[in-house]
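In this text, residue positions in the sequence shown follow this note's numbering: the first is 5, and each later residue adds one. Just so it is clear, CB atoms sit at the ideal spot from N, CA and C, and this is done for glycine as well. Nothing here was measured: the structure is a model prediction, and the numbers come from that model. Single-structure report; data block below.
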Amino acid sequence: MASDLARTPAVQESSDVCANNENESKRTGENEEQQTGETETLSKRQRKRLLKSQQWEEQRELRKQKQKERKQQRKLERQGQAEDRVEWTGKKRLRRSAEPSSLRLVVDCSFDDLMVLKDVKKLHKQIQRCYAENRRTLHPVQFYLTSHGGQLKQVMDEINKGWVNWKDVHFKPDAFHESMKKEDLVYLTSDSPNVLQELDEAKAYVIGGLVDHNHHKGITYNRAQELGIAHAQLPLGSFVKMNSRKVLAVNHVFEIILAFLEKRDWQEAFFTVLPQRKGAVPVGQEDKLGEEDSDEDSDTEQPISENQTDSKDQSESKQEEHKPVLNQSDSSERNAA
């Protein structure tokens, strides 16, 4: 009798549990049916939103990974920028360590009306090189562009509007002899009988800004005589033998003088600057001279980065810049011989 009583509560309890489970299942089923019904009654827009919400949750880990990668990328970029700042600071310190020279180098741009547009663009490229070299040399000179106007200024305005922001360049619309003392002037021309041996840093050395392919021989020499100013040629013949004409471009004359200010050795200055196509060898080694090259210019010097015009002008500019058919001397081209 006692055992029957003991089993009765257990059976009752089991029945209650079963009943509860059945009720819970019914409620769950009802909820599912209710949710299914609700889903079926959702509008198309609501279903899209629900789908996006589910996708958002599913992609949570992927977003975390991408965020982590972006943070790493930004960190690397910051490190790169820091390195660039260090490099820039180094260049800036190098620039500050330069010792400017009081010597003045003047490009006489008064021959504008003697050049066709193609040659004016050549002169523009040569002036760009002069500017670039003067900015990075250890002994930058006082750089002047005189009689600045006409076609040259127009070309600079069209191709390189940034010239107005050039540093350490004096742009003068007037002629060089109008803004400088005549006793300070020395016109560099290969037609001069005088050979320059040393540079006087109190002087202003004038380079004829003319690209004319020898069409106006002796023009810079005659100009110096007419103005009654000193003239001289670089001592090229004393140190160098070439298998081509002794014609140097404006930028070559400019760079040779910069090199001499640094090295104080004419021969080293010449061979640092002269293009290989000139076939230059030291005096006394003439047997190493090859066949004479043509008068066509084909320098391999790299152009200064500038805004470009149309494709034809770009092609011409690259060829012209590399040509050292110089504007000194005879036609103001051979000025540095």
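task: Would you mind giving the Cβ-Cβ distance between serine 105 and histidine 143, rounded to the nearest angstrom? I have them listed as a contact below 8 Å.
output: In the sequence shown, the residue the question calls residue 105 occupies position 101. In the sequence shown, the residue the question calls residue 143 occupies position 139. Yes, serine 105 and histidine 143 are in contact; Cβ-Cβ is about 5 Å, under 8 Å.
Q.
Beta-carbon within less than 7 Å of tyrosine 225's beta-carbon, same chain only, minus the 5 sequence neighbours each way: which residues are those?
A. Numbered from its first residue, the sequence shown carries residue 225 at position 221. Within the same chain, tyrosine 225 has close Cβ partners Thr193, Asp195, Ser196, His235.
To which residues of the same chain is glycine 154 closer than 6 Å at the C-beta, ignoring the five residues directly before and after it?
By one-based count along the sequence shown, residue 154 stands at place 150. Taken in chain order, the residues that qualify are Asp116.
- [ ] Starting from the C-beta of aspartate 123, find all residues in its chain whose C-beta is less than 6 Å away, skip the five residues before and the five after it, and write them out in chain order.
- [x] Sequence index remark: in the sequence shown, residue 123 carries index 119 (1-based). When the five nearest sequence neighbours on each side are left out, the beta carbons in the same chain lying within less than 6 Å of the beta carbon of aspartate 123 are those of Val215, in order along the chain.
Please list the terminal residues of the continuous beta strand (DSSP E) segment that includes phenylalanine 175. Here residue 175 refers to the residue found at position 171 when the sequence shown is read from its first residue. Boundaries of the beta strand (DSSP E) around phenylalanine 175: 173–175.
If distances are taken between C-alpha atoms only, which option among Leu252, Val277, Val254 comes closest to alanine 263? The residue labelled residue 263 in the question sits at position 259 within the sequence shown. Across the set Leu252, Val277, Val254, the C-alpha of Val277 shows the shortest separation from the C-alpha of alanine 263.
Taking Cβ to Cβ, would you say histidine 128 is nearer than 8 Å to leucine 156? Walking along the sequence shown from the start, residue 128 turns up at place 124. Walking along the sequence shown from the start, residue 156 turns up at place 152. For the pair histidine 128 and leucine 156, the CB atoms are nearer than the 8 Å cut-off.
Between the CA atoms of aspartate 161 and tryptophan 167 - distance to the nearest angstrom:
As a working mapping, residue 167 is identified with position 163 in the sequence shown. As a working mapping, residue 161 is identified with position 157 in the sequence shown. About 8 Å.
**Message:** Applying the 10 Å Cβ sphere with the 16-neighbour rule, what's the burial state of glutamate 259?
**Reply:** As a position in the sequence shown, residue 259 is number 255, starting the count at 1. Buried, because 16 or more other Cβ atoms sit within 10 Å of the Cβ of glutamate 259.
Note to self: Quick check on threonine 150: buried or exposed, where buried means 16 or more other Cβ atoms within 10 Å of its Cβ?
What the structure shows: Residue 150 sits at position 146 when you count from the first residue of the sequence shown. Threonine 150 comes out buried.
- Query: Taking the continuous alpha helix (DSSP H) assigned at serine 263, which residues delimit it?
  - Reply: If you number the sequence shown from 1, residue 263 lands on position 259. Looking at the sequence itself, residue 263 is alanine, so the reference to serine does not match. Note, alanine 263: alpha helix (DSSP H), 254–267.
Histidine 181: first and last residue of the uninterrupted alpha helix (DSSP H) it sits in | On the sequence shown, position 177 is the one that residue 181 refers to. Residues 180–183.
### Task
Please state whether DSSP places glutamine 229 in a helix, a strand or coil.
The residue you call residue 229 lines up with position 225 of the sequence shown. The answer is helix: DSSP assigns glutamine 229 an H, G or I state.
Beta-carbon gap between valine 251 and isoleucine 211 smaller than 8 Å:
As a working note, residue 251 is residue 247 in the sequence shown. As a working note, residue 211 is residue 207 in the sequence shown. Contact: no.
Does tryptophan 60 pass the burial test, meaning 16 or more other C-beta atoms within 10 Å, or should it be called exposed? If you number the sequence shown from 1, residue 60 lands on position 56. Burial call: exposed.
message = Following a CB-centred definition, is isoleucine 260 positioned closer than 7 Å to any heavy atom of the ligand SAH?
response = The ligand SAH is not part of this structure, which contains no ligands at all.
Report task. State the start and end residues of the unbroken alpha helix (DSSP H) segment that holds phenylalanine 275. Result -> Counting from 1 along the sequence shown, the entry for residue 275 is found at position 271. Element bounds for phenylalanine 275: 270–277.
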